[in-house]
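These notes are about the structure you will find just below.
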Amino acid sequence: MTQGRFYVISAPSGAGKTSLVKALIGENSQVGVAISHTTRKQRDGESDGVNYYFVTKHEFQQMVESGEFIEWANVFGNLYGTSSSAVSEVLAGGQHIVLEIDWQGAEQIRQKLEYAETIFVFPPSLEALRERLVRRGQDDPETVENRLSNALEELSQYREFDYLIVNDDFETALAELKQIIDNRGDSLLRDERLPELKKLLTDLQLV
Numbered sequence: 001m002t003q004g005r006f007y008v009i010s011a012p013s014g015a016g017k018t019s020l021v022k023a024l025i026g027e028n029s030q031v032g033v034a035i036s037h038t039t040r041k042q043r044d045g046e047s048d049g050v051n052y053y054f055v056t057k058h059e060f061q062q063m064v065e066s067g068e069f070i071e072w073a074n075v076f077g078n079l080y081g082t083s084s085s086a087v088s089e090v091l092a093g094g095q096h097i098v099l100e101i102d103w104q105g106a107e108q109i110r111q112k113l114e115y116a117e118t119i120f121v122f123p124p125s126l127e128a129l130r131e132r133l134v135r136r137g138q139d140d141p142e143t144v145e146n147r148l149s150n151a152l153e154e155l156s157q158y159r160e161f162d163y164l165i166v167n168d169d170f171e172t173a174l175a176e177l178k179q180i181i182d183n184r185g186d187s188l189l190r191d192e193r194l195p196e197l198k199k200l201l202t203d204l205q206l207v
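Counting from 1, position 79 in the sequence shown corresponds to residue 79 in this note's numbering; the numbering is continuous, with no gaps.
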């Protein structure tokens, strides 16, 4: 059986990476999920072992100390991590993995797994990002502002990623993600995309 490929997708909160990955998995049986562990509170509609493995901070720390994570990070006071066993199980079954994590986690994975391919998703603008965060109604106003402040730092990390996608039109962004997973994403490689993204990068004050 052919070994699956491992992709990491990162973006500022609200840029749409979760929706993109969910849609991709719904349409492509060759894409599996390595379920992450987290200490954050379980939200309505979420299931343990499906969306995340929900654990206590003590349990999470024990896993860190025993070296069970290929990456982990503190995001807004909550701990998130991906275990080696979760990744190995999916790849050995021949499925590809698209792992949603923040840029800190992506950096850890790049250092540990040379075969990992990384994807960064841009919002079309900071104002659009703000509107999406407010519209989804998951955070209070203070948390929204904190997420926007952190977004600037996250956006500045785009140079470290292999592929770049702009989630302005969802269907277009999804089609581009499919191209990458199907191994047809050369036109979406960072250095290929930079010329067409110059205006966006300027507007985001990233050049």
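Just so you know, even glycine gets a beta-carbon here, dropped at the ideal spot from N, CA and C.
In or out: residue i buried (at least 16 other Cβ within 10 Å) or exposed?
i, result
"P12", "buried"
"K22", "exposed"
"N78", "exposed"
"S29", "exposed"
"G185", "buried"
"H58", "exposed"
"S156", "exposed"
"P195", "exposed"
"Q108", "buried"
"P141", "exposed"
"V64", "exposed"
"T18", "exposed"
"T38", "buried"
Keeping to the same chain, check which residues put their C-beta closer than 7 angstroms to that of residue i; ignore five residues upstream and five downstream.
i, result
"Q104", "A73"
"L188", "Y163, L164, I165, E176, Q179 and I180"
"D169", "none"
"I25", "V31 and V33"
"D203", "S125"
"R40", "N78"
Taking 8 angstroms as the limit between beta carbons, can you name the residues of its chain near residue i, skipping five residues before and five after?
i, result
"F161", "S10, A106, T118, I119, F120 and R190"
"R136", "G14"
"L252", "A question about residue 252 goes unanswered here, because the residues of the chain that appear run from 1 up to 207."
Using the DSSP secondary-structure output, state which residues sit across from residue i in a beta bridge.
i, result
"V31", "H96"
"N78", "V75"
"H58", "Its beta-bridge partners do not exist; DSSP assigns none."
"I165", "V121"
Under the assumption that residue i contacts residue j (Cβ atoms under 8 angstroms), give the Cβ distance between them as a whole number of angstroms.
i, j, result
"G16", "A151", "About 13 angstroms; that fails the 8 angstroms criterion."
"V98", "V50", "Rounded, the Cβ-Cβ distance is 16 angstroms, inconsistent with contact."
"V267", "I70", "Only positions 1 to 207 of the chain appear in the structure, and residue 267 is not among them; the question remains open."
"Y7", "I35", "That pair is no contact at about 16 angstroms."
"N146", "F76", "7 angstroms"
Just to confirm my understanding: we take residue i, look at its own chain, exclude 5 residues before and 5 after, and list those with CB closer than 6 angstroms. What are they?
i, result
"G14", "L129, R132 and L133"
"T2", "G94"
"E68", "S83"
"G4", "L91, G94, Q95 and H96"
"K199", "none"
"Y158", "F120"
Any 3 or more C-beta pairs closer than 8 angstroms across the region 124–136 and the region 77–89: no
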